[in-house]
Amino acid sequence: MTERKDILCIGSVLWDIIGRSASHMRQGSDVPGRITRLPGGVAMNIAMTLARFGMAPTLLTAIGRDAEGDELVRACQRMGMRTDLIYRSEDLPTDRYMAVEGANGLIAAIADAHSLEAAGAKILGPLEDGALGSRDTPFDGLVALDGNLTVSLLEKIARSPAFAAADLRVAPASPGKAERLLPFVNSARATLYVNLEEAGLLCQTQFDTSADAARGLLKRGALRVLVTDGGNAATEADENDLISQTPPEVLVTRVTGAGDTFMAAHIAAEASGASRADALARALQAAATYVSGDTPL
């Protein structure tokens, strides 16, 4: 039997409520479509894809002790995720995310991740109390981290001895939270997964291509970056090398979760021993398959 590789997924695990329509939409549109409720959040989306690729995700997040939280934890367990180290709050409700998508892409979204933010550093307890590691014997495996955490907590993680030995992979939750990743750019301590807009926000400029964005982030101090640009070429780069590849052309039927799928597929590919070029190609293929609607939500 092939050994399942462990990875920590730290960040938002919540309920996604997504409305999708085949129609083009604008502000004020009222159109027919489908509304679904599924486990979501950046950390959850990454964990689900990692599990499909044969990895064993452990979730570090905050989930309420309400009915929605109990249901969410059971859903995580059914997908093969370790949930016993999740911070379960008695007084904080389970977080939710709501989005509306049309044929022309994401129309609007609201992320209600206040419970995760309120829990703060409590979700990191297993990395310091010995359950997963401590300051003296830090966790030395893969960590996927999302930018839904507070700025102060992300700053703590960027310099914490508890993460000193980890292979840390970080993504913003959205362009609006991209600047929260600045501590990881400044500390040169993680691999960053961003899109072209997010790279521009981190560098306080605009880039025409993912390769330009990757160079800009490295110049600012980033250790390693992966920059995507929709259907245009994506780039993976560090101080030694830069690789750009164009994703497969597909009909886009959904967008929420595409970046998380790309990140997870890339991590899984590298964990299986793929070369840098092959890992990037596999991640682009996985993201293209996802947005085309050919894989389970």
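Here the sequence shown stands for residues 1 to 297, where the numbers follow the UniProt record's numbering.
For every residue, glycine included, the Cβ atom is placed at its ideal position computed from N, Cα and C.
Less than 7 Å between the C-beta atoms of residue i and residue j, yes or no?
i	j	result
D84	D95	no
G102	S23	yes
L280	Q245	yes
F139	L149	no
L202	A178	yes
T49	T191	no
V291	G105	no
R34	W15	no
L8	T58	yes
G293	T253	yes
Y97	G40	yes
residue 338	T235	Past the edges of the chain, shown from 1 to 297, lies residue 338, and the structure says nothing about it.
L217	P247	no
R169	I267	yes
A269	A287	no
A56	D6	yes
G230	N186	no
E198	P175	yes
M90	R74	Per the sequence presented here, residue 90 reads as Glu, with Met not at that position. Not closer than 7 Å, so no.
G80	A51	yes
V143	A166	yes
G54	I63	no
A158	R189	yes
Per DSSP, residue i is paired with what?
i	result
A111	Y97
N232	D229
P172	Answer by DSSP bridge pairing: none, since P172 is not bridged.
R189	In DSSP, R189 forms no bridge with anything.
L14	G40
A237	V225 and L242
Please state whether DSSP places residue i in a helix, a strand or coil.
i	result
E90	coil
P39	strand
D136	coil
T205	coil
R34	strand
T49	helix
P126	helix
R26	coil
R82	strand
L196	helix
A103	coil
A121	helix
L223	coil
G19	strand
Just curious, the alpha helix (DSSP H) that residue i is in, first and last residue?
i	result
A158	V151 to R159
D70	A67 to R78
S292	R276 to S292
I267	A258 to A271
G216	S210 to R220
Looking at the secondary structure, which residues open and close the beta strand (DSSP E) in which residue i lies?
i	result
I7	D6 to I10
S244	L242 to Q245
L142	L142 to D146
L59	A56 to L60
R180	From DSSP, R180 is part of no beta strand (DSSP E); its letter is neither H nor E.
L251	Element bounds for L251: n/a, residue is neither H nor E.
Contact defined as beta carbons within less than 8 Å: I believe residue i pairs with residue j. What is the distance between those atoms, to the nearest angstrom?
i	j	result
L145	G11	6 Å
A173	G141	Going by Cβ atoms, the distance from A173 to G141 rounds to 23 Å, so no, they are not a contact pair.
V100	G19	5 Å
C76	V13	7 Å
V227	V250	Not a contact, Cβ separation roughly 20 Å.
A67	L92	Their Cβ separation, rounded to whole angstroms, is 14 Å, which puts A67 and L92 out of contact at 8 Å.
A274	R282	6 Å
Taking 7 Å as the threshold (beta carbon to beta carbon), is residue i in contact with chain E?
i	result
P172	Absent from the structure is chain E; it holds one protein chain and no more.
Is residue i near the ligand SAM, with its Cβ less than 6 Å from a heavy atom?
i	result
D112	As presented, the structure is devoid of all ligands, the ligand SAM included, so that no description of it is given.
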